[in-house]
Every structure is written in C-alpha cells, then in structure tokens.
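Enquirer: Just dropping this structure here.
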Amino acid sequence: MRQFEALIATNETISPTWKALSFAWPPDLSIPEPGQFFTFRPSTLMSGDSSLLRRPLAFAAFKDNKAFALYQVRGNGTRALASLCTGSSIDLLGPLGTPFSLPEPDEAAILVGGGVGIGPMLYLHHCLQNAKIAGDIKLFLGFRSAAQIPVIPQASMAKALASAFLATDDGSVGFSGRVAEALEAQLATEGQRKRRFYACGPVPMLSAVASLAKREGNPAEVSVEQWMACGVGACYGCAVPSISGGFLRACVDGPVFDSQTLDWEALR
Numbered sequence: 001m002r003q004f005e006a007l008i009a010t011n012e013t014i015s016p017t018w019k020a021l022s023f024a025w026p027p028d029l030s031i032p033e034p035g036q037f038f039t040f041r042p043s044t045l046m047s048g049d050s051s052l053l054r055r056p057l058a059f060a061a062f063k064d065n066k067a068f069a070l071y072q073v074r075g076n077g078t079r080a081l082a083s084l085c086t087g088s089s090i091d092l093l094g095p096l097g098t099p100f101s102l103p104e105p106d107e108a109a110i111l112v113g114g115g116v117g118i119g120p121m122l123y124l125h126h127c128l129q130n131a132k133i134a135g136d137i138k139l140f141l142g143f144r145s146a147a148q149i150p151v152i153p154q155a156s157m158a159k160a161l162a163s164a165f166l167a168t169d170d171g172s173v174g175f176s177g178r179v180a181e182a183l184e185a186q187l188a189t190e191g192q193r194k195r196r197f198y199a200c201g202p203v204p205m206l207s208a209v210a211s212l213a214k215r216e217g218n219p220a221e222v223s224v225e226q227w228m229a230c231g232v233g234a235c236y237g238c239a240v241p242s243i244s245g246g247f248l249r250a251c252v253d254g255p256v257f258d259s260q261t262l263d264w265e266a267l268r
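Structure below.
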C-alpha cells in the first residue's frame, strides 16, 4: 500500500452511465489483485465538498503498468474525477483490501456482478482464465437496460464482457429480470456440482447469491459496497454486521468476505 500521485492515461465515457479510467502504476508497487481497491482524492474537489474524504474505486483490469477502473458519476467525488483529462494527476492510495481467492481444482467458478460490481468481476474473470484453473468459469452481469451496457475499449475487460451471461431489468438484452434470477435459472439446468461463487454488487444481489450458495452447500465470496472515509480501518465508517456478533470493517477485513460470515438480515 502506498499513497502516490498517478498520471491519468484515459478517462473516457463508455456508456450513458459509465466511464473508464486508467492511470500509471508505480513499477515497484505490488500489482493489484481482483477484489482489491484504491481510494482517490481529485484536486478539483473544492472546500466544502468533503475534500478531506477519499473515495474508493475497485480495480477492473491491469495491463502494461496501467491500472483500470470503471465508475459511474454519482456525486461530487466522481463528478470531480470525471472532469479530469489525460495527463492530469490524481492522488491515490492503494492497493487496499482483501482479494478474491482462487477456486479449488474441482470447483467451477461462478462470477456475478451488478452495478459498480461489474468491474471487479471482469478483472477476476480475466485473472482466472490466465491462471488456467481446472474448472469452468461462468460470468453473469446485470444491467438496468441494454443502453447501460458499456462499450469497453480495454481488451481484457471487453473479452470478459463478451463472454458473459447478460440480464437486464427491462428485458432489452439477455435474461429479462435480475441477474441473480438469471443465475438461478441457468444453474437449474446444470444440476448439482461443486462450485465457488464470487459476487460484487448491491446488497440484495449479494444476499441472493449467498443464499443460493448456502442451499447448494457451496462456498461464496462477496465483495461489499460500503461508504468509506479512510480506507485503512481507522474510522469504522464502512462497518458491516458479522453473523457472530459485532462488526467487520469492509476496507481491511474485506471488502471480500466469505458470504456466511455476514449477517444478511442486518445488512438489508
């Protein structure tokens, strides 16, 4: 982990709701793993815009000493980030958090992403393929509509997206309905087998994947989306309820958790 100034290589619009960011990565810093994240503080944030608070983004790819992230413009922080052009510098802290693990040799890998959880799943899909794991790899991604599906220029993300089972809330592309419903419908045609589930996205989706994995008796790893202030475990602003009582910090105990360690009733 290190705080550093990075030069932005690209910061482009890839759909009406998505932007793709890439930036130079220090060659002597460890390469980020799928599930890890970084925090940023754009210099264009003004006083009064919570300028002391960093914003988290997950890694979506890594290639040729450049890190990539996908993001949606939702507030002052991402609006400030979206205003930066190629060659601008950005204050970063990373890599942070716990990554996803590899599946066991006899496990198929089932990846599920929705919302801002799409980026981490694209990165994980690419890394699992490069690791040449023995089991199958299936990727399920959910969007509200076909118009929101990004057109990604970065090769590894584009390849992963092209291989995915797609679900749209309005039925304009792929399965009509939620991505967790598409997942359950597809797996019902395959029968029981050893699988390891990976998911990143909104809590209802994560909860549905966790419930499905539990019914099957298979493991699931979920990456939670929590508001973060520090990203290093100091403020407890990203605490999530543990099934054993108390709380876990998403930024340092996670953001990737064994799905059965979280209290899903309290998280909803």
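Heads up: the sequence shown begins at 1 in the working numbering, then just goes up one per residue. Glycine included, each C-beta is placed from N, C-alpha and C at the ideal position.
#1: Just to confirm, is the Cβ distance from LEU262 to TYR198 under 9 Å?
#2: Go ahead and label ILE31 buried or exposed: buried means 16 or more other beta carbons lie within 10 angstroms of its beta carbon, across all protein chains shown.
#3: Can you grab the Cα-Cα spacing for the pair SER47 / PHE175, in whole Å?
#4: Following the continuous beta strand (DSSP E) through THR39, name the residue where it begins and the one where it ends.
#5: DSSP three-state call for SER259: helix, strand or coil?
#6: Does DSSP classify SER242 as helix, strand or coil?
#7: Taking its Cβ as the centre, do 16 or more other Cβ atoms sit within 10 Å of GLY87, making it buried, or is it exposed?
#8: On the DSSP letters alone, give me the boundaries of the beta strand (DSSP E) that LYS19 sits inside.
#9: Would you report the Cα separation of GLY245 and TRP18, rounded to the nearest angstrom?
#10: Say whether the segment 64 to 75 touches the segment 101 to 120, bearing in mind that this needs 3 or more beta-carbon pairs closer than 8 Å, one atom from each stretch.
#11: Under a Cβ-count criterion, where at least 16 other Cβ atoms within 10 Å of its own Cβ denotes burial, should ALA162 be classed as buried or exposed?
#12: Leaving out five residues on either side along the sequence, give the residues of the same chain with a beta carbon under 6 Å from the beta carbon of ALA61.
#13: To the nearest angstrom, how far is the alpha carbon of ARG196 from that of GLY237?
Expert: So, from the data block:
#1: In this structure, TYR198 does not lie closer than 9 Å to LEU262 by Cβ.
#2: ILE31 counts as exposed, since fewer than 16 other C-beta atoms from the protein chains shown sit within 10 angstroms of its C-beta.
#3: The predicted position of SER47 is uncertain, since its pLDDT is 45 and thus under 50; a value taken from the coordinates is nonetheless stated next. One C-alpha to the other measures close to 45 Å.
#4: Taken as a continuous stretch (DSSP letters only), the beta strand (DSSP E) holding THR39 covers 37 to 41.
#5: Helix.
#6: In the three-state reduction of the DSSP assignment, SER242 falls in the strand class, which pools E and B.
#7: A residue is called buried when at least 16 other Cβ atoms come within 10 angstroms of its Cβ; GLY87 does not meet this threshold and is exposed.
#8: Going by DSSP, LYS19 is part of the beta strand (DSSP E) stretching over 19 to 24.
#9: Between GLY245 and TRP18, the C-alpha separation is close to 37 Å.
#10: Segments in contact, yes.
#11: Result: exposed.
#12: Only PHE68, TYR123, GLN154, SER156, MET157 meet the Cβ criterion.
#13: C-alpha separation (whole angstroms): 29 Å.
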